[in-house]
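In this note's numbering, the protein residues as written are 1 to 269.
Note that CB positions come from ideal geometry on N, CA and C, so glycine has one too.
Keep in mind the model is a prediction, meaning the values are calculated, not measured.
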């Protein structure tokens with residue numbers, strides 16, 4: 001498609017051709033998997049952004065009519081394909097039990113899985129947690145703003161299961177004399193796990209468990225689980241570290257009618 005240099009070329013047929021082409025182009029997803037086309041949600045996002053721009057052009061009289069007025073955005077159906085289910089979580093823990101002979105790695109990897117499940121942190125936050133961020137007295141984990149995508153410092157309550165795994169891991173870690181300030185220590189030196197090390201760990205977990213996952217699935221599952229349990233969207237926003245509540249609202253799309261029945265029954269009028 002030629003580059004558009006004049007507003008007179010912004011026509012409905014041209015935009016129809018644009019959307020047609022992006023639905024047939026190749027894209028790389030996951031680990032070098034090639035797929036054709038893009039999701040309807042991606043097309044709708046592009047339609048929305050273009051519509052804002054074209055509306056501005058129309059209001060400023062740079063164009064006579066918004067060319068998108070003749071094009072409807074696609075309908076988007078949201079599902080939970082990004083969610084990691086309970087059976088896959090059990091497979092991951094079983095894989096650690098059956099394939100890890102080193103006591104340190106066994107306790108570290110078990111703790112890492114529990115940390116992902118019970119906090120929903122981003123990968124950068126995950127490897128940046130320091131021992132000083134763990135408050136065993138008040139059962140809180142601090143995610144410092146400087147390590148967070150949003151720049152917001154937040155506190156995440158520590159689940160009893162996670163607290164147990166952290167304690168067991170720290171006992172073994174201290175026995176071996178690790179001194180790094182980072183909670184998740186590398187298996188090759190006395191330093192925190194790096195992003196490259198985390199990638200290697202994830203690939204190994206996929207290999208030994210047979211569960212094809214990426215770390216963001218844990219974050220998605222954490223949010224959906226809490227949403228289904230009836231947590232308010234504002235509390236969920238704080239736990240997730242979202243600066244914009246619209247980011248949080250996407251996790252409520254997974255709620256089924258039966259999940260919301262208890263909320264409806266709370267109405268007394």
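- The Cβ atoms of residue 73 and residue 56 lie no closer than 9 Å to each other.
- Counting the other Cβ atoms within 10 Å of the Cβ of residue 110 gives 16 or more, which makes it buried.
- Residue state for residue 133 is assigned as helix, using DSSP reduced to three classes.
- Considering only 231, 172 and 8, the residue with the shortest C-alpha distance to residue 54 is 8.
- Using a Cβ distance threshold of 9 Å, residue 133 and residue 119 do not count as a contacting pair.
- Of all C-beta pairs linking the segment 149 to 168 to the segment 241 to 250, three or more are shorter than 8 Å, placing the two stretches in contact.
- Relative to the Cα of residue 45, the nearest Cα in the group 35, 19, 63 and 106 belongs to 19.
- A contact between stretches requires three or more CB pairs, one per stretch, nearer than 8 Å, and the segment 84 to 93 meets this requirement with the segment 194 to 210.
- Residue 121 and residue 219 have their alpha carbons spaced roughly 6 Å apart.
- Remark: C-beta atoms of residue 183 and residue 131 approach each other more closely than 9 Å.
- Taking a contact as a CB-CB distance under 8 Å, the pair residue 180 and residue 190 counts as one, their CB atoms being some 5 Å apart.
- Between residue 126 and residue 116, the C-beta gap is smaller than 9 Å, which places the two residues in contact.
- Closest in C-alpha terms to residue 167, from the list 136, 98, 157 and 41, comes 136.
- Straight across, the Cα-Cα distance linking residue 232 with residue 222 is about 14 Å.
- Counted as a single uninterrupted DSSP element, the stretch harbouring residue 191 is not any alpha helix (DSSP H), since DSSP gives it neither H nor E.
- DSSP places residue 229 in the coil class of the three-state scheme, outside both helix and strand.
- Between the C-alpha atoms of residue 185 and residue 123 there is a straight-line separation of about 15 Å.
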